[in-house]
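J.: Take a look at this one; I'll ask things after.
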Amino acid sequence: GTPQKYDPTFKGPIYDRGCTDIICCVLLVIAIVGYVVVGVVAWTHGDPRKVIYPTDSRGQFCGQQGTPNEYVFHSRVRGVTCSSPVSSCPIQICVSKCPDRYLTYLSASSGYTPSDLEYYRQFCVPEFKDLQKAAIEVLKDKECPAMLIPSTPLARRCLPAIQAKKGVIMVGNETTYDDGHGRRRNVTELLEGAKKANLVLEARQLAMKIFEDYTVSWYWIIIGLVIAMVASFIFIVLLRFLAGIMVWVMIVMVILVLGYGIFHCYMEYAKLKGEAGSDISLKDLGFQTDLRVYLHLRQTWLAFMIILCVVEVVIILLLIFLRKRILIAIALIKEASRAVGHIMMSLLFPLCTFFLLCLCIAYWASTAVFLSTSNEAIYKVFNETACQFSGQTCKPETFNTSNVTKLCPDAQCLFAFYGGETAYHKYLIVLQFFNVFMFFWLANFVIALGQVTLAGAFASYYWAFKKPDDMPAFPLFSAFGRALRYHTGSLAFGSLILAIVQVIRVTLEYLDHRLKAADNKFAKFLLSCLKCCFWCLEKFIKFLNRNAYIMIAVYGTNFCTSARNAFFLLMRNIIRVAVLDKVTDFLFFLGKLLIVGSVGILAFFFFTQRIKLVQDTAPSLNYYWVPILTVIVGSYLIAHGFFSVYGMCVDTLFLCFLEDLERNDGSAEKPYFMSPDLKKLLKKTNKGQPDA
Numbered sequence: 001g002t003p004q005k006y007d008p009t010f011k012g013p014i015y016d017r018g019c020t021d022i023i024c025c026v027l028l029v030i031a032i033v034g035y036v037v038v039g040v041v042a043w044t045h046g047d048p049r050k051v052i053y054p055t056d057s058r059g060q061f062c063g064q065q066g067t068p069n070e071y072v073f074h075s076r077v078r079g080v081t082c083s084s085p086v087s088s089c090p091i092q093i094c095v096s097k098c099p100d101r102y103l104t105y106l107s108a109s110s111g112y113t114p115s116d117l118e119y120y121r122q123f124c125v126p127e128f129k130d131l132q133k134a135a136i137e138v139l140k141d142k143e144c145p146a147m148l149i150p151s152t153p154l155a156r157r158c159l160p161a162i163q164a165k166k167g168v169i170m171v172g173n174e175t176t177y178d179d180g181h182g183r184r185r186n187v188t189e190l191l192e193g194a195k196k197a198n199l200v201l202e203a204r205q206l207a208m209k210i211f212e213d214y215t216v217s218w219y220w221i222i223i224g225l226v227i228a229m230v231a232s233f234i235f236i237v238l239l240r241f242l243a244g245i246m247v248w249v250m251i252v253m254v255i256l257v258l259g260y261g262i263f264h265c266y267m268e269y270a271k272l273k274g275e276a277g278s279d280i281s282l283k284d285l286g287f288q289t290d291l292r293v294y295l296h297l298r299q300t301w302l303a304f305m306i307i308l309c310v311v312e313v314v315i316i317l318l319l320i321f322l323r324k325r326i327l328i329a330i331a332l333i334k335e336a337s338r339a340v341g342h343i344m345m346s347l348l349f350p351l352c353t354f355f356l357l358c359l360c361i362a363y364w365a366s367t368a369v370f371l372s373t374s375n376e377a378i379y380k381v382f383n384e385t386a387c388q389f390s391g392q393t394c395k396p397e398t399f400n401t402s403n404v405t406k407l408c409p410d411a412q413c414l415f416a417f418y419g420g421e422t423a424y425h426k427y428l429i430v431l432q433f434f435n436v437f438m439f440f441w442l443a444n445f446v447i448a449l450g451q452v453t454l455a456g457a458f459a460s461y462y463w464a465f466k467k468p469d470d471m472p473a474f475p476l477f478s479a480f481g482r483a484l485r486y487h488t489g490s491l492a493f494g495s496l497i498l499a500i501v502q503v504i505r506v507t508l509e510y511l512d513h514r515l516k517a518a519d520n521k522f523a524k525f526l527l528s529c530l531k532c533c534f535w536c537l538e539k540f541i542k543f544l545n546r547n548a549y550i551m552i553a554v555y556g557t558n559f560c561t562s563a564r565n566a567f568f569l570l571m572r573n574i575i576r577v578a579v580l581d582k583v584t585d586f587l588f589f590l591g592k593l594l595i596v597g598s599v600g601i602l603a604f605f606f607f608t609q610r611i612k613l614v615q616d617t618a619p620s621l622n623y624y625w626v627p628i629l630t631v632i633v634g635s636y637l638i639a640h641g642f643f644s645v646y647g648m649c650v651d652t653l654f655l656c657f658l659e660d661l662e663r664n665d666g667s668a669e670k671p672y673f674m675s676p677d678l679k680k681l682l683k684k685t686n687k688g689q690p691d692a
């Protein structure tokens, strides 16, 4: 690319700018309107109660507010006595509580214990009132279940209370049960009907204990997060003083570690001299599964020593030739700390981005739930004997007058599942895909808006000749207004490209999940290659977008022009880019490690009551790792938020610095805008003008 030429009218982020990428702005508005329409249609047809509440055999919800019958009871467990062609058991009844004993209808109706029949009736259909009706007729008409099994409520469903005692599977302290037809069955046959029930029950108990821990420790968690916030701010402020020290200490430590490695390899090599078998070559030894064998060979340690010597020499040579670029990177990091200090509101701006992302996630999740629950109740024909209509769709309103009941007297029209055959239901998968695509597009747009806003604010700092006197009064709000007013289309363009790649990656992950059971190795290999390629493409587009947004914030050009100029500018300074990237990555890693580690250690000693001064203040917990992990994760997110602002500042100042070097020469007409430290480092001066 061609270096930028001097522009006498350029004095920082251009205020006199026009709208860019208007077509993409219009497309975004149309897509948002369509997204709202999809949400309204989904909210009109959807019913989240289908996810929360179970249904009985008639499709009615159990457990709604004001309804005493909140659990659904399966009168027959799948795989035991249910012969329905549909995968779920046909008879489901809403009950106020789950059965707590073994009981069959034949024994309850025999009159041995009058209270048994009264107890049994609550697990029959609501229309069952005739207690004098013959047991055979009741079971034939499916008004009551043939048996009751001790059950446990799980997700508002009654599942067999299976437990293991000394390796023996039991239900209600019994290993067998009467199936209501005079046969004894083993309780292991109930395992399929209550699969993973105990695991979920234990998970629910664990969740309750975790919730209790949060109720007694939430304010201490908040205090820990506040400490992390203060520590992150202090670290950023101290970078202007300690950045150089930390970088050079790290470099010296790497050199010393490599030097010790060379010394250790030499000592091991000398120690093995004369020992039996140590002079065997690696080629003669061949491949060995026990890698410790190689450590007894002199050739192994000689190879390690040579490799470490080569790495040591390469690092020393890089330091000699890149010393000046490392100093420039350190100076830019120090300058970024000053810029953040002059624009303190920038540290709070990620909260705005986080809030908008939460709105995107909430709208996407609610729309997805309503779309997935917008199906209609489908009723199927169920029967015990052979019937040609078995499994066919039916309507409860007209079922009793249809030919089905005449040809199959024992057939019933019962609720089977939720579905639909209308045009809306046929295109539900398309609407779900559109919902996912719009989520990625809007989420990337929100992130892009945050990046352009921060870039505009920090660019106004760099291009202020007298810092901070020449800066605008409210640089952050000015940059935010310019981004929304003029560059919504450019942000939509960049986020659209990224969203398309991300949707393709999600599709590939879905296909990979579906192909896991397949045995087509070529398809798996091809899919793995595509996943790798699109992962790399996504990383590259994120890098290109980030720098394009900086150019948009500074010059007000459209997305393609900004991306091209940013890319060529970085390619003309590729070594500086690589050095700055690695130096900042190291400092950010060190900062996150220091903040998260120190706050995590403090939380560990506090919640485990190992600090004597506050030993009595620490709450009593079921699991002390709950608040500790919460503080650690929260501290990392807070540190990441602070350093994301700082990283955007470094990248913006770096691009502005490169532009400054290409545009200006230090003359009275074309003075440098860089800080005095950078000018001193590069041996640059502004002739005829005092330095800022």
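When the letters of the sequence shown are read in order and numbered with full-length UniProt numbering, they come out as residues 1 to 692. All C-beta atoms, glycine included, are put in the ideal place defined by N, C-alpha and C.
#1: Tell me whether Arg157 sits in a helix, a strand or coil according to DSSP, three-state version.
#2: Have a look at Gln412 and Asp130 and give me their C-alpha separation to the nearest angstrom.
#3: Where do the ends of the beta strand (DSSP E) carrying Ala377 lie?
#4: Identify which residue in Ala459, His296, Ala518, Gln432 has its Cα closest to the Cα of Ile14.
#5: Within the chosen definition, does the region 498 to 514 reach the region 569 to 582 through at least 3 CB pairs nearer than 8 Å?
#6: Might you give, ordered along the chain, the residues of its own chain that have their beta carbon closer than 6 Å to the beta carbon of Ser87, omitting 5 neighbours on each side?
#7: Hey, could you find the ends of the beta strand (DSSP E) Gln92 is sitting in?
#8: Let me confirm a value: Ser667 is counted as buried when at least 16 other C-beta atoms fall within 10 Å, else exposed. Which label applies?
#9: Compute the distance between the beta-carbons of Ile320 and Gly244, then report whether it is under 8 Å.
#10: How is Phe673 classed by DSSP in three states: helix, strand or coil?
#11: Would Gly277 pass as a contact of Glu312 if the rule is Cβ separation under 8 Å?
#12: Looking only at C-alpha atoms, which of Val26, Ala339, Val138 sits nearest to Ser490?
#13: Return the CA-CA distance between Val95 and Tyr119, expressed in angstroms with no decimal places.
#14: If you measure between the beta carbons of Cys62 and Arg156, is that distance less than 8 Å?
#15: Compare the Cα-Cα distances from Ile378 to each of Ala416, Tyr363, Ser402, Cys408 and report the closest residue.
#16: Going by Cα to Cα distance, which pick from Phe235, Ile326, Tyr266, Gln299 is closest to Ile251?
#17: To which residues of the same chain is His342 closer than 8 Å at the C-beta, ignoring the five residues directly before and after it?
#18: In terms of residue numbering, what span does the alpha helix (DSSP H) encompassing Gly600 cover?
#19: DSSP state of Pro147, grouped into three classes?
#20: Could you name each continuous alpha helix (DSSP H) segment of 4 residues or more that falls completely within the region 95 to 132, going from the start of the chain to the end?
#21: Where does Ala457 fall in DSSP's three states?
#22: For Leu682, which three-state DSSP category applies?
#23: Quick check on Phe389: does DSSP put it in helix, strand or coil?
#24: If you check the beta carbons only, do Leu332 and Val650 fall under 8 Å apart?
#25: Quick one: using the 10 Å Cβ neighbour count with 16 as the cut-off for buried, is Asp56 buried or exposed?
#26: Hey, Tyr549 and Ala448: beta-carbon distance below 8 Å or not?
#27: Could you spell out where the alpha helix (DSSP H) holding residue 711 opens and where it closes?
#28: Starting from Tyr15, trace the alpha helix (DSSP H) both ways and give me its first and last residue.
#29: On the premise that Asn547 lies in contact with Leu570, defined as a C-beta separation below 8 Å, what is that separation, rounded to the nearest angstrom?
#30: Out of Phe439, Lys97, Val631, point me to the one whose CA is closest to Ile500's CA.
#31: Quick one: is Asn435 buried, meaning 16 or more other Cβ sit within 10 Å of its Cβ, or exposed?
#32: Quick one: Cα of Tyr486 to Cα of Lys612, how far?
#33: Counting C-beta neighbours from all protein chains within 10 Å, is the total for Val293 16 or more, i.e. buried, or is it exposed?
#34: Do the region 473 to 487 and the region 385 to 404 make contact, defined as three or more Cβ pairs closer than 8 Å?
#35: I'd like to confirm the pairing. Which residues does DSSP put opposite Phe61 in its beta bridges?
T.: Result, derived from the coordinates:
#1: If you number the sequence shown from 1, residue 157 lands on position 157. Arg157 sits in a strand when the DSSP states are folded into three classes.
#2: Against the sequence shown, residue 412 aligns to sequence position 412. Against the sequence shown, residue 130 aligns to sequence position 130. Rounded to the nearest whole angstrom, the C-alpha separation of Gln412 and Asp130 is 20 Å.
#3: Looking up residue 377 in the sequence shown gives position 377. Where Ala377 is concerned, the enclosing beta strand (DSSP E) stretches over 376 to 382.
#4: Within the sequence shown, residue 14 is the residue found at index 14, counting from 1. Comparing Cα positions, the closest option is Ala459.
#5: The region 498 to 514 is not in contact with the region 569 to 582.
#6: Numbered from 1 along the sequence shown, position 87 holds the residue referred to as residue 87. Bear in mind that a pLDDT of 34 at Ser87, under 50, signals an unreliable position, so the model cannot answer this.
#7: To locate residue 92, count along the sequence shown from 1; it is residue 92. Looking at the DSSP string, the run of the beta strand (DSSP E) that includes Gln92 is 92 to 95.
#8: Position 667 of the sequence shown, counted from the first residue, corresponds to residue 667. Exposed, by the Cβ-count rule.
#9: Position 320 of the sequence shown, counted from the first residue, corresponds to residue 320. Position 244 of the sequence shown, counted from the first residue, corresponds to residue 244. Cβ atoms of Ile320 and Gly244: not closer than 8 Å.
#10: The residue you call residue 673 lines up with position 673 of the sequence shown. Three-state result, Phe673: coil.
#11: As a position in the sequence shown, residue 277 is number 277, starting the count at 1. As a position in the sequence shown, residue 312 is number 312, starting the count at 1. Not closer than 8 Å, so no.
#12: As a position in the sequence shown, residue 490 is number 490, starting the count at 1. Considering only alpha carbons, the answer is Val26.
#13: For the purposes of this step, residue 95 is taken as the residue at position 95 of the sequence shown. For the purposes of this step, residue 119 is taken as the residue at position 119 of the sequence shown. Rounded to whole angstroms, the separation of the alpha carbons of Tyr119 and Val95 is 12 Å.
#14: Taking the first residue of the sequence shown as position 1, residue 62 is located at position 62. Taking the first residue of the sequence shown as position 1, residue 156 is located at position 156. Between Cys62 and Arg156, the C-beta gap is smaller than 8 Å, which places the two residues in contact.
#15: One-based indexing of the sequence shown puts residue 378 at position 378. Looking at the Cα atoms, Ala416 is the closest of the given residues.
#16: Here the question's residue 251 lines up with position 251 in the sequence shown. Nearest C-alpha to Ile251: Ile326.
#17: Mapped onto the sequence shown, residue 342 falls at position 342. Here the set comprises Tyr461, Lys467, Pro468, Met471.
#18: Stepping through the sequence shown from its first residue, residue 600 is reached at position 600. For Gly600, the enclosing alpha helix (DSSP H) has its first and last residue at 574 to 607.
#19: Position 147 of the sequence shown holds residue 147. Note that residue 147 is Met in the sequence shown here, rather than Pro. Of the three classes helix, strand and coil, the one that applies to Met147 here is strand, per DSSP.
#20: List check, alpha helix (DSSP H) in window: 105 to 109, 114 to 121.
#21: Along the sequence shown, one-based indexing puts residue 457 at 457. Of the three classes helix, strand and coil, the one that applies to Ala457 here is helix, per DSSP.
#22: Start at 1 with the first residue of the sequence shown, and residue 682 comes out as number 682. Residue state, collapsed to three classes: helix.
#23: Counting from one through the sequence shown, the residue named residue 389 turns up at place 389. Three-state result, Phe389: coil.
#24: As a first step, residue 332 must be located in the sequence shown, where it is residue number 332. As a first step, residue 650 must be located in the sequence shown, where it is residue number 650. Taking the C-beta atoms as reference points, Val650 is found nearer than 8 Å to Leu332.
#25: Mapped onto the sequence shown, residue 56 falls at position 56. Buried, because 16 or more other Cβ atoms sit within 10 Å of the Cβ of Asp56.
#26: What you label residue 549 is simply residue 549 of the sequence shown in a count that begins at 1. What you label residue 448 is simply residue 448 of the sequence shown in a count that begins at 1. Here Tyr549 is near Ala448, since their CB atoms are less than 8 Å apart.
#27: Not covered by the structure: residue 711. The range shown for the chain is 1 to 692.
#28: Position 15 of the sequence shown, counting from 1, holds the residue named residue 15. First-last for Tyr15: undefined, no H or E at that position.
#29: Numbered from its first residue, the sequence shown carries residue 570 at position 570. Numbered from its first residue, the sequence shown carries residue 547 at position 547. For Leu570 against Asn547, the beta-carbon gap comes to about 7 Å, under 8 Å, which counts as contact.
#30: As a working mapping, residue 500 is identified with position 500 in the sequence shown. Out of Phe439, Lys97, Val631, Phe439 has the C-alpha closest to the C-alpha of Ile500.
#31: Along the sequence shown, one-based indexing puts residue 435 at 435. Looking at its Cβ environment, which holds 16 or more other Cβ atoms inside 10 Å, Asn435 is buried.
#32: Here the question's residue 486 lines up with position 486 in the sequence shown. Here the question's residue 612 lines up with position 612 in the sequence shown. Cα-Cα distance, rounded: 59 Å.
#33: Here the question's residue 293 lines up with position 293 in the sequence shown. Its Cβ having fewer than 16 others within 10 Å, Val293 is exposed.
#34: The region 473 to 487 makes no contact with the region 385 to 404: fewer than 3 CB pairs, one atom from each, lie closer than 8 Å.
#35: Here residue 61 is taken as the residue at index 61 of the sequence shown, counted from 1. The bridge partners DSSP lists for Phe61 are Thr55.
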